[in-house]
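Participant: Position 128 of the sequence shown, counted from 1, bears residue number 190 in our numbering, the numbering being contiguous throughout.
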Amino acid sequence: MYANITSVGKFLPKNIIKNSEFENFLDTTDEWIKSRTGIEERRKLDPGKASSYMAIKAIEKLIKKIKLDIHQVDCIIVSTITPDMVFPSTACLIQNYFKIKNCWGFDLSAACSGFLFGLETANALIKSKIYKKIIVVGVDTMSSILDYQDRNTSILFGDGAGAVLVEPSKNYGIIDCELGVDGSGSEFLFMPGGGSLNKTSEKTLKNKMHYVKQNGAVVFKHAVKGMYDITKKIMLRNDINNKNLKLFIAHQANKRIIESTSQRLKLKKEQVLININKYANTTAASIPIAISDACDKKLIKKNDKIILTAFGAGFTWGSCLLKWGISSD
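(1) Per DSSP, what are the beta-bridge partners of A372 in this structure?
(2) Would you say the segment 188-198 touches the segment 356-366, given that touching needs at least three Cβ pairs under 8 Å?
(3) Please list the terminal residues of the continuous beta strand (DSSP E) segment that includes T68.
(4) Since N214 and Q276 are thought to touch, with beta carbons under 8 Å apart, how far apart are those beta carbons, to the nearest angstrom?
(5) Roughly how many angstroms lie between the CA atoms of S390 and S258, to the nearest whole one?
(6) DSSP has R105 in a bridge; who is on the other side?
(7) Since I believe A285 is in contact with F373 (beta carbons under 8 Å), could you give me their beta-carbon distance rounded to a whole number of angstroms?
(8) Based on DSSP bridge pairs, tell me the residues matched to S190.
(9) Using the three-state DSSP reduction, which class does S246 fall into: helix, strand or coil?
(10) Anyone know if the C-beta pair for T345 and I143 falls short of 9 Å?
(11) Does the ligand NAD have a heavy atom nearer than 8 Å to the CB of V198?
(12) Going by DSSP, name the residue or residues bridged to D169.
(13) Among the residues of its own chain, which have a CB less than 7 Å from the CB of S205, if the five just before and after it don't count?
(14) So, does the segment 226-237 touch the segment 95-106, judging by three or more C-beta pairs under 8 Å?
(15) To which residues of the same chain is N86 closer than 8 Å at the C-beta, ignoring the five residues directly before and after it?
(16) Quick test of the definition: if touching needs 3 or more C-beta pairs under 8 Å, does the segment 377-390 touch the segment 321-335?
(17) How about N164 and D136: are their beta carbons less than 9 Å apart?
(18) Out of F168, Y64, K80, S175, state which residue places its alpha-carbon closest to the alpha-carbon of I349.
(19) Looking at L251: is its Cβ nearer than 9 Å to the Cβ of A342?
(20) Can you give the Cα-Cα distance for S293 and G256, rounded to whole angstroms?
(21) Kindly indicate which three-state DSSP category I292 falls into: helix, strand or coil?
(22) Expressed to the nearest angstrom, what Euclidean distance is found between the alpha-carbon atoms of M431 and P254?
(23) Would you mind stating whether G376 and V243 have Cβ atoms separated by less than 9 Å?
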């Protein structure tokens, strides 16, 4: 029994912010951002809308592709670090929007690795043989937690959502998956305010504690090593190499990280998907958006082997090997 992705959908806000716009208020340039990150533009959600809105839009596209009866969905897993609110969960808001009966769900927080954590959770639920249709969403409204005066973080992130439907299959789906965490990395990428440690107050607002904080150099170093090590482990365990792997989809945090990791894995350029130039780092949405892009461009077809790999705050990381089960026709 495999947990197989049977439909995908994505949503990107219409509002595009190009690198040149940052030149108006930050000590940076379009060329500097592109050369350091590979990012050319990113999307920003309109005020008054939140992560549930983008998630719903992505799910609606997923539904339309296969004419899914949404009321057959057993569970909704929402991977996000920017829920609409602390509670109720974004999964509850999505369930209520679609009025799905006999469905449960929850939000999952693993930052940039969130989608893979959600996918592996769906894998376990499918293998329990209790659940048959699970929607896994990766969504983040990163613009809601960015200090746009901070050059170290504001240029890196974008808003977006991606969703997949996971169902049981005898022939296609997740072949192998491994995840990990190391809390010693928590001091290098985090948001200090808003939790039970530093509850919202005049002090936390004044000190901008409700924004993303990052030590870019440390995160870069750990991301390259972390994604390489876990992916290499999955490849060796399953006899995967640059001859039988169709596509490597890594979390889109930095083009140099992706290129460095793929080069160490000895993958060819055409085996590596890169779309960070269009969307920047959409955190938990990064990988499902990339999967949707790969489907739209017909980069993968039925029976292809693909690897998904991520590294994020926590530190968190993971890698999944899939035998693709959706026809490209």
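The beta-carbon is built from N, C-alpha and C at its ideal position, and this holds for glycine as well.
Since the structure is predicted, the reported quantities are computational estimates derived from the model, not experimental observations.
Facilitator: Straight from the coordinates:
(1) Partner(s): G380.
(2) No: the two stretches stay apart, fewer than three of their Cβ pairs being nearer than 8 Å.
(3) Residues 64-73.
(4) Right, the Cβ-Cβ distance comes to about 6 Å (below 8 Å), so this counts as a contact.
(5) For the pair S390 and S258, the Cα-to-Cα distance works out to about 47 Å.
(6) Paired residue(s): I78.
(7) Contact holds; Cβ gap of about 4 Å.
(8) The partner list for S190 (beta bridge, DSSP) is empty, contrary to what the question assumes.
(9) Helix at S246.
(10) Cβ distance < 9 Å, so T345 and I143 count as in contact.
(11) With respect to the ligand NAD, the structure offers nothing, as it holds no ligand at all.
(12) Note: D169 sits in a beta bridge opposite V140.
(13) Leaving aside the five residues that flank S205 on each side, the residues in its chain whose CB is nearer than 7 Å to its CB run, in chain order, K106, L107, D221.
(14) Touching, no, given that fewer than three Cβ pairs across the two stretches are closer than 8 Å.
(15) Nothing meets the Cβ criterion.
(16) With the cut-off at 8 Å, the segment 377-390 and the segment 321-335 do not touch.
(17) A contact, by the Cβ cut-off of 9 Å.
(18) Nearest of F168, Y64, K80, S175 to I349, Cα basis: S175.
(19) No; because the gap between Cβ atoms is not below 9 Å, this pair is not in contact.
(20) What sits at residue 293 in the sequence shown is Thr, not Ser. Spanning the two alpha carbons is a distance of roughly 34 Å.
(21) Three-state DSSP puts I292 in a helix.
(22) This structure cannot settle anything about residue 431, because the visible part of the chain is limited to 63 through 391.
(23) At a Cβ-Cβ threshold of 9 Å, G376 and V243 count as neighbours.
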